[in-house]
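Numbering (this note's numbering) for the sequence shown: 660 to 1099.
This report concerns only the one structure given below.
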Amino acid sequence: MEKPALAGIGSGGKGRADLLGSENAGCQVAALADVVDATRLSTTDKRLRSVAEMRDRYSQVPFYRDYREMLADMGDKIDAVTVSTPDHHHFHAAYFAMKAGKHVYCQKPLTHGLWEARKLAELAAETGVKTQMGNQAHAQDHMRRCVELIRAGVVGKVLEIHAWTNRPIWPQGFAQRPAPEPVPDWMDWEQWIGPAPFVEYSPLIAPFAWRGWWDYGCGALGDMACHIMDMGWWAMMPDAPLSVSAEQSGGTELSPPISSKITWQFGPGEYGSSRGFKFHWYDGYTQAHFDPDTWALVKESEDYNHPDERVLEGESFKNFGSVIVGEFGKLFFNRTRQAWVLKSTYKVDGFQWPEPSIPRAREQDNYLEWIDAIEGRVQRGQSDFSHAGPFTETILLGTLAQRLPGEVLEWDAPNLAIKGRPELASWIHREYRPGWEIQA
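In structure tokens form, the structure reads like this:
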């Protein structure tokens, strides 16, 4: 069998990891698309140098600045793509690739906007291409085992879930845009902006600071929730949330908050209590601020936002973790260690340790599982867009709440709308810049 021919959309940083991960899983890299022209690059920044490393490694394959042009040119010469761009390009890159019949591995969060997440899940089902989102721990055995245990009732019916991170570790909370600077000759700024509203170039936006701007990123929530909320959300497989609310500090119209707490209310579902369950998210440092003079995030202490002792019970999870609280106990989980902690004070009547029911990923590898799906060894990647789409919708609903702190937003999932708030429609389905419109 010939190796799947892969095109990389984005080749530095996570792009490098996705290219090498896919190559190691059995792909043959056939094309690259990136807004950074490595032949003009002189910087020693290792994140940019990774673009040059990939350009050197794959020097014999065609290089494009515009992935739309690459998809049109390469046609049947490629089978699959990796999407490793800033968040605001995820939808367009994945959409055009799937429309062309290509399998897609897309970095998290799946999309930048709510409508986009719904649309990619629908398009994946319509086209039948094999997909996977880049939340790599989804492939680990201990995550899949914990999902099985929660569904089997190891803590009883679930009352609440808590997940937290110490991020952002980059600047957020900007009240104004930075002064424009000349575009470096190695960057195609027009292509980098893509579907987003045009602004003049600044190194305080790109290539590395985009997560802290609503126009291009989703802050700490978008960066980390697809990892840290994953086990809890997967275990519950809930219907869409009923409502969401947030408390935050430092957020502005331009930029995500420095810290926040978000609460989603869900119905009971199969595994929740009869009253439903709440999913709580915590991010950021409790004593930090954005310094407009140095353009830096300044921490007054190392205390970060996390659940209180009632929830944690002395368990120490450095920087991030999650806890599922049930009627009969708690399950503590950390995605980066092959361990979990179960605290149960009551015997659950009739509980039996379940046999494994979720297929295990080969070598616990997210890329291998995607390639195995492409080549027919497994039916699907477990983090394909049927999972990643609704999951990302839930997370991105939290970004709406961050922008409207103190309000309870009731979610009308069938109509992709906040009940009674038609003025928020443009936050749910954003308008694209001329030349990037999509009629779907």
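We treat Cβ as the ideally placed atom computed from N, Cα and C, and that holds for glycine.
Measure the CB-CB distance between I887 and T945 and report whether it falls below 7 Å. Here residue 887 refers to the residue found at position 228 when the sequence shown is read from its first residue. Here residue 945 refers to the residue found at position 286 when the sequence shown is read from its first residue. No, the Cβ-Cβ distance between I887 and T945 is not below 7 Å.
Kindly list the residues whose CB is nearer than 6 Å to the CB of F1050, restricted to its own chain and excluding five residues on each side of it in sequence; keep chain order. Position 391 of the sequence shown, counting from 1, holds the residue named residue 1050. The beta carbon of F1050 sits closer than 6 Å to those of W892, all from its chain and outside the five residues before and after it, given in chain order.
What alpha helix (DSSP H) runs, 4 residues minimum, are completely inside the region 884–937? Counting only runs of 4 or more, we get 889–895.
Might you give, ordered along the chain, the residues of its own chain that have their beta carbon closer than 6 Å to the beta carbon of D714, omitting 5 neighbours on each side? Taking the sequence shown and counting its residues from 1, the one referred to as residue 714 is at position 55. One point to set straight first is that residue 714 is Arg, not Asp, in the sequence displayed. Closer than 6 Å at the Cβ level, and outside the excluded window around R714, lie A697.
Ignoring anything shorter than 4 residues or poking outside the region 751–815, list the alpha helix (DSSP H) runs there in chain order. 773–786, 800–811
Near S1016, what residues of its chain come up, given a Cβ to Cβ distance below 7 Å and the 5 sequence neighbours on each side ignored? By 1-based counting over the sequence shown, the position of residue 1016 is 357. Hits under 7 Å: E807.
Starting from F1050 and walking both ways along the alpha helix (DSSP H), at which residues does that stretch end? Within the sequence shown, numbered from 1, the residue matching residue 1050 stands at position 391. Unbroken alpha helix (DSSP H) run through F1050: 1044–1062.
With distances taken between CB atoms, is the gap from F755 to L730 smaller than 7 Å? The residue labelled residue 755 in the question sits at position 96 within the sequence shown. The residue labelled residue 730 in the question sits at position 71 within the sequence shown. Cβ atoms of F755 and L730: closer than 7 Å.
With DSSP run on the structure shown, which of helix, strand or coil describes L1112? In this structure the chain extends from 660 to 1099, so residue 1112 is not present and cannot be described.
Please state whether the Cβ-Cβ distance between A753 and L665 is less than 7 Å. Translated into positions along the sequence shown, residue 753 becomes position 94. Translated into positions along the sequence shown, residue 665 becomes position 6. No, the pair does not count as a contact, with Cβ atoms beyond the cut-off.
In this structure, how does DSSP classify H821 when only helix, strand and coil are distinguished? For the purposes of this step, residue 821 is taken as residue 162 along the sequence shown, with counting starting at 1. H821: strand per DSSP, three-state reduction.
Can you give me the Cβ contacts of P854 inside the same chain, cut-off strictly under 6 Å, excluding the 5 residues immediately before and after it? Position 195 of the sequence shown, counted from the first residue, corresponds to residue 854. Once the five neighbours on either side are set aside, the close Cβ partners of P854 are H751, Y1091, R1092, W1095.
Classify E1069 as helix, strand or coil using the three-state DSSP reduction. Taking the first residue of the sequence shown as position 1, residue 1069 is located at position 410. Strand.
For W940, name the three-state secondary structure that DSSP assigns. To locate residue 940, count along the sequence shown from 1; it is residue 281. W940 falls in the strand class under three-state DSSP.
Using 8 Å for Cβ pairs, my map puts L782 next to L769. What's the rounded Cβ distance? The count along the sequence shown starts at 1 and reaches residue 782 at position 123. The count along the sequence shown starts at 1 and reaches residue 769 at position 110. Their Cβ separation, rounded to whole angstroms, is 12 Å, which puts L782 and L769 out of contact at 8 Å.
K989: first and last residue of the uninterrupted beta strand (DSSP E) it sits in: Residue 989 sits at position 330 when you count from the first residue of the sequence shown. Counting along the chain, the beta strand (DSSP E) containing K989 begins and ends at 988–992.
By the DSSP assignment, the beta strand (DSSP E) with S694 in it spans what residues? In the sequence shown, counting from the first residue as 1, residue 694 sits at position 35. At residue 694 the sequence reads Val, which differs from the Ser that was named. Premise fails: V694 is in no beta strand (DSSP E) and is neither H nor E.
Starting from S1003, follow the alpha helix (DSSP H) in both directions and report where the run begins and ends. One-based indexing of the sequence shown puts residue 1003 at position 344. Per DSSP, S1003 belongs to no alpha helix (DSSP H); it is in the beta strand (DSSP E), 999–1003.
Using 8 Å as the threshold, is the region 1062–1082 in touch with the region 835–845, meaning 3 or more CB pairs across them? Three or more Cβ pairs closer than 8 Å define a contact, and the region 1062–1082 falls short of that threshold against the region 835–845.
Would you identify the three-state DSSP class for T744, choosing helix, strand or coil? To locate residue 744, count along the sequence shown from 1; it is residue 85. The DSSP-derived three-state label of T744 is coil.
Output needed for W873: all residues of its chain with C-beta closer than 7 Å, excluding positions within five of it in sequence on either side, in chain order. Residue 873 sits at position 214 when you count from the first residue of the sequence shown. Closer than 7 Å at the Cβ level, and outside the excluded window around W873, lie L913, S914, P915.
Could you tell me the distance, in whole angstroms, from the CA atom of A1084 to the CA atom of S960? As a working mapping, residue 1084 is identified with position 425 in the sequence shown. As a working mapping, residue 960 is identified with position 301 in the sequence shown. Spanning the two alpha carbons is a distance of roughly 38 Å.
Under 6 Å Cβ to Cβ from Y1026, same chain only, skipping five residues before and after it: list those, please. Counting from one through the sequence shown, the residue named residue 1026 turns up at place 367. Answer for Y1026: G680, S681, A684, listed in chain order.
Would DSSP call K736 helix, strand or coil? Here residue 736 refers to the residue found at position 77 when the sequence shown is read from its first residue. Correct three-state label for K736: helix.
Tell me, which residues are paired with M846 by DSSP? Position 187 of the sequence shown, counted from the first residue, corresponds to residue 846. BP columns for M846 point to V695.
When the Cα atoms are used, what is the spatial distance from M846 to V710? Here the question's residue 846 lines up with position 187 in the sequence shown. Here the question's residue 710 lines up with position 51 in the sequence shown. The straight-line gap from Cα to Cα measures roughly 12 Å.
What do you reckon, are the CB atoms on P1103 and G871 nearer than 7 Å? A query on residue 1103 cannot be resolved here, the shown segment of the chain reaching from 660 to 1099 and no further.
CB of W869 within 7 Å of CB of P745, strictly: Working through the sequence shown from its first residue, we reach residue 869 at position 210. Working through the sequence shown from its first residue, we reach residue 745 at position 86. In this structure, P745 lies closer than 7 Å to W869 by Cβ.
Could you tell me the boundaries of the alpha helix (DSSP H) in which S681 lies? In the sequence shown, residue 681 corresponds to position 22, counting from 1. The continuous alpha helix (DSSP H) containing S681 extends over residues 673–684.
Would you mind giving the Cβ-Cβ distance between G988 and S975, rounded to the nearest angstrom? I have them listed as a contact below 8 Å. Taking the first residue of the sequence shown as position 1, residue 988 is located at position 329. Taking the first residue of the sequence shown as position 1, residue 975 is located at position 316. Contact annotation, G988 with S975: C-beta distance approximately 18 Å; criterion of less than 8 Å not satisfied.
So, helix, strand or coil for D952, using DSSP? What you label residue 952 is simply residue 293 of the sequence shown in a count that begins at 1. Of the three classes helix, strand and coil, the one that applies to D952 here is coil, per DSSP.
Taking I983 as part of the beta strand (DSSP E), name the residues at either end of that continuous run. As a working mapping, residue 983 is identified with position 324 in the sequence shown. Its beta strand (DSSP E) spans residues 979–985.
Which residues bound the alpha helix (DSSP H) around L602? The shown model of the chain, from 660 to 1099, leaves out residue 602, and the question about it has no answer.
DSSP three-state label for Y1026, please. Residue numbering aside, residue 1026 sits at position 367 when the sequence shown is read from its first letter. In the structure shown, the three-state DSSP call for Y1026 is helix.
Per DSSP, what kind of secondary structure is I1087 in: helix, strand or coil? What you label residue 1087 is simply residue 428 of the sequence shown in a count that begins at 1. Three-state DSSP puts I1087 in a helix.
Can you tell me where the beta strand (DSSP E) holding G876 begins and where it ends? Start at 1 with the first residue of the sequence shown, and residue 876 comes out as number 217. For G876, no beta strand (DSSP E) encloses it, and the DSSP letter there is neither H nor E.
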